[in-house]
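S.K.: Please find one structure pasted underneath; my questions will follow.
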Amino acid sequence: MPSGITYKPIKTWSAAQTATDELAGLEPHQKLILLSDGSLTLELEILTDCKIRAEVIRTGTSEIAAPDAGYLDVELNCKALKRTVWLIASGKRLVYAHTVIPLKNVDAGILEAIEKTPEEPLGRIFLEKGVFFTKDKLEIAAIRCAEAAEGLGVKKDAPLFARRCILTNKANGGKSMKAAVIEVFSPDIVPCGPSRTGP
Numbered sequence: 674m675p676s677g678i679t680y681k682p683i684k685t686w687s688a689a690q691t692a693t694d695e696l697a698g699l700e701p702h703q704k705l706i707l708l709s710d711g712s713l714t715l716e717l718e719i720l721t722d723c724k725i726r727a728e729v730i731r732t733g734t735s736e737i738a739a740p741d742a743g744y745l746d747v748e749l750n751c752k753a754l755k756r757t758v759w760l761i762a763s764g765k766r767l768v769y770a771h772t773v774i775p776l777k778n779v780d781a782g783i784l785e786a787i788e789k790t791p792e793e794p795l796g797r798i799f800l801e802k803g804v805f806f807t808k809d810k811l812e813i814a815a816i817r818c819a820e821a822a823e824g825l826g827v828k829k830d831a832p833l834f835a836r837r838c839i840l841t842n843k844a845n846g847g848k849s850m851k852a853a854v855i856e857v858f859s860p861d862i863v864p865c866g867p868s869r870t871g872p
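With my numbering, the residue at position 162 of the sequence shown is 835, and numbering never jumps.
Structure follows, in structure tokens:
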């Protein structure tokens with residue numbers, strides 16, 4: 674999925690490598706933000722020339738839901754860390770991000786860092802801990818998400834660009850650490866105009 678926030682794709686999710694129509698009209702740097710397999714935190718810092726912080730909306734550990742278990746290919750009802758944040762620069766909200774991390778293969782030091790420094794984006798914590806991910810199943814869509822729209826101060830049915838993927842790290846003694854992520858972008862970062870709302 675990942676689940677945890679409520680949203681509805683306006684059309685369908687498109688694989689990043691075939692999302693030509695969805696990306697039409699965007700500037701090169703806007704396409705890069707959506708398609709990059711690098712650290713979003715670092716890319717936002719380069720774009721804004723500001724340090725990125727996380728504004729935590731909710732976080733906690735609970736059993737993983739069926740949609741997320743299927744998406745991540747993990748056991749149903751295993752424990753997972755679920756975290757929803759705004760990535761902000763100088764107080765301005767840029768990206769609404771929800772992450773689901775099954776705890777099975779997560780290093781205790783990473784969990785401690787997340788708990789002790791909630792204002793740090795996960796991307797920075799992972800980099801500092803030497804945890805490097807590949808992005809699998811990267812998909813892009815225009816969506817409607819009332820909670821993200823409210824946080825951005827736009828109409829609740831405003832179209833917003835989003836991407837979702839699975840982060841995978843296999844450097845932990847051969848064990849695979851996974852995370853499901855969905856990121857909803859402010860139109861100030863990646864504009865999503867009326868032409869993307871469909872018929």
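C-beta atoms are modelled at their ideal positions from N, C-alpha and C, and glycine is treated no differently.
1. Go ahead and label His-702 buried or exposed: buried means 16 or more other beta carbons lie within 10 angstroms of its beta carbon, across all protein chains shown.
2. Rounding to the nearest angstrom, what Cα-Cα distance links Cys-838 and Thr-714 in this structure?
3. What is the DSSP secondary structure of Ala-821, reduced to helix, strand or coil?
4. Out of Val-854, Lys-843, Gly-826 and Ala-853, which has the shortest C-alpha to C-alpha gap to Asp-861?
5. Beta-carbon within less than 7 Å of Lys-808's beta-carbon, same chain only, minus the 5 sequence neighbours each way: which residues are those?
6. What are the start and end residues of each continuous alpha helix (DSSP H) run of 4 or more residues lying completely inside the stretch 705 to 742, in chain order?
7. So the alpha helix (DSSP H) Thr-693 belongs to, where does it begin and stop?
8. Provide the residue span of the beta strand (DSSP E) that contains Ala-770, from first to last.
9. State the start and end residues of the unbroken beta strand (DSSP E) segment that holds Ala-762.
10. For a test of the three-state rule: what should DSSP assign to Phe-834, helix, strand or coil?
11. From the DSSP output, in three-state form, read off Lys-681 for me.
12. Identify whether Phe-799 lies in helix, strand or coil by the three-state DSSP scheme.
13. Do you know how far the Cα of Ser-763 is from the Cα of Tyr-744?
14. Should Leu-688 go down as buried or exposed, given a rule of 16 or more other Cβ atoms within 10 Å for buried?
15. Give the C-beta separation of Val-758 and Lys-851 to the nearest angstrom, bearing in mind that I take them to be a contact with Cβ-Cβ under 8 Å.
16. Under 7 Å, do Val-854 and Thr-772 count as touching if we go by C-beta distance?
17. What residues in its chain sit with their C-beta under 8 Å from that of Pro-791, if we drop five residues either side in the sequence?
18. Mind checking which residues open and close the alpha helix (DSSP H) that includes Leu-784?
19. Short of 6 Å in beta carbon distance, which residues of its chain neighbour Arg-756, apart from the five on each side in sequence? Order them along the chain.
20. If you check the beta carbons only, do Lys-704 and Leu-717 fall under 7 Å apart?
M.R.: In brief:
1. Per the 10 Å Cβ criterion, exposed.
2. Roughly 16 Å separates the two Cα atoms.
3. It is helical.
4. Nearest of Val-854, Lys-843, Gly-826 and Ala-853 to Asp-861, Cα basis: Gly-826.
5. Counting only Cβ-Cβ distances below 7 Å, and skipping sequence neighbours, we find Asp-710, Cys-838 and Leu-840.
6. Within the stretch 705 to 742, the complete alpha helix (DSSP H) runs of at least 4 residues are 713 to 721.
7. Element bounds for Thr-693: 693 to 696.
8. Looking at the DSSP string, the run of the beta strand (DSSP E) that includes Ala-770 is 765 to 775.
9. Looking at the DSSP string, the run of the beta strand (DSSP E) that includes Ala-762 is 752 to 762.
10. In the structure shown, Phe-834 sits in a strand (DSSP, three-state: E or B).
11. Looking at Lys-681 - three-state DSSP - the assignment turns out to be strand.
12. Note: Phe-799 maps to helix in three-state DSSP.
13. Roughly 34 Å separates the two Cα atoms.
14. The sequence as given places Ala at residue 688; Leu does not occur at that position. With a 10 Å radius around the Cβ and a threshold of 16 neighbouring Cβ atoms, Ala-688 comes out exposed.
15. Incorrect: roughly 19 Å between the Cβ atoms, too far for contact.
16. Contact: yes.
17. If you ignore the 5 residues before and after Pro-791, its C-beta comes within less than 8 Å of the C-beta of Ala-727, Val-729 and Thr-732, all in its own chain and listed in chain order.
18. Taken as a continuous stretch (DSSP letters only), the alpha helix (DSSP H) holding Leu-784 covers 781 to 789.
19. Only residues of its own chain outside the window of five on either side were considered, and among them Thr-732 and Thr-772 have a CB closer than 6 Å to the CB of Arg-756, listed in chain order.
20. For Lys-704 and Leu-717, no; Cβs fall outside 7 Å.
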